[in-house]
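The block underneath contains the structure these notes are about, expressed in C-alpha cells.
Numbering (mature numbering (1 follows the signal peptide of the UniProt record, and there is no 0)), first residue to last: -29 to -1, 1 to 130.
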C-alpha cells in the first residue's frame, strides 16, 4: 500500500484522524429542531403579527436569537410580562435560552416570534416561510401555517 502522508506510524495517523474529527465536530454537534410552526391571522393593515413554534437545541445549549421572513421587515423573540398589572411585550435580550432535550414551546401569552413591519396580511389557511436564527446552530427555515386571529393552537393540518 502506498503511503499518502510523508510520515508514518500509528501515533501520527491517530493524531491526524483526531484532528479531523475535532474539526468536523461542530458540523453535527450543534443543531436545532423546530416543530409546529404557526401564526395568527392579522387585520388587513396590521404592522405586526406573531408566530409560534416548538424549538429544541441538540448537542449543546444555544439561544434562539430571532429570524427573518419575506412577510416581515424584522423578526424578534418577544415575551409577555406583567408590569404593574398591565400585560406588555418586550424583546428577549440576547435571545431565548435553549437546552438540549428540553423543548420550549412559544405560544400566545408567553414567548413568541414578533413579526414586525408586516408586508402583507396573514390570512387563515395560508402559509409563509420563516427562518429562525440561533447563536450557535445554523438557521432553520420552516413553513408557518396561519390560523384564525383568536387561535390558541396551531391549525389541525400544521405539523
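All residues carry an ideal CB built from backbone N, CA and C; glycine is no exception.
Small disclaimer: the values here were computed from a predicted structure and weren't measured.
Close-in-space but distant-in-sequence residues of the same chain around residue i (CB under 6 Å, 5 per side omitted)
{"i": "residue 6", "result": "25"}
{"i": "residue 23", "result": "9, 77, 78, 83"}
Residue from the options whose Cα sits closest to the Cα of residue i
{"i": "residue 76", "options": "59, 48, 65, 52", "result": "48"}
{"i": "residue 45", "options": "80, 97, 64, 19", "result": "19"}
{"i": "residue 115", "options": "42, 79, 9, 1", "result": "9"}
{"i": "residue 17", "options": "125, 92, 112", "result": "92"}
{"i": "residue 74", "options": "127, 28, 33", "result": "28"}
{"i": "residue 69", "options": "35, 23, 79, 112", "result": "35"}
{"i": "residue 71", "options": "108, 53, 112, 79", "result": "108"}
{"i": "residue 57", "options": "64, 127, 80", "result": "80"}
{"i": "residue 125", "options": "65, 60, 78", "result": "78"}
7 Å Cβ shell around residue i - same chain, five flanking residues per side excluded
{"i": "residue 95", "result": "12, 117, 118, 119"}
{"i": "residue 88", "result": "18, 43, 44, 45"}
Integer-rounded CB distance, given that residue j should sit under 8 Å from residue i
{"i": "residue 50", "j": "residue 82", "result": "5 Å"}
DSSP-derived helix/strand/coil call for residue i
{"i": "residue -2", "result": "Annotation note: pLDDT 48 at residue -2 (below 50); position unreliable, coordinate value reported separately. In this structure, residue -2 counts as helix in the three-state DSSP scheme."}
{"i": "residue 94", "result": "coil"}
{"i": "residue 68", "result": "strand"}
{"i": "residue 7", "result": "strand"}
{"i": "residue 76", "result": "strand"}
{"i": "residue 100", "result": "strand"}
Proximity of residue i and residue j at Cβ, strictly below 8 Å
{"i": "residue 85", "j": "residue 21", "result": "yes"}
{"i": "residue 105", "j": "residue 3", "result": "yes"}
{"i": "residue 30", "j": "residue 103", "result": "no"}
Cβ-based neighbour list, residue i, same chain, cut-off 8 Å, excluding 5 preceding and 5 following
{"i": "residue 90", "result": "41, 42, 43, 44"}
Contact test: residue i Cβ vs the ligand GTP heavy atom, cutoff 7 Å
{"i": "residue 95", "result": "Within the structure as shown, the ligand GTP is missing, as the structure has no ligands at all."}
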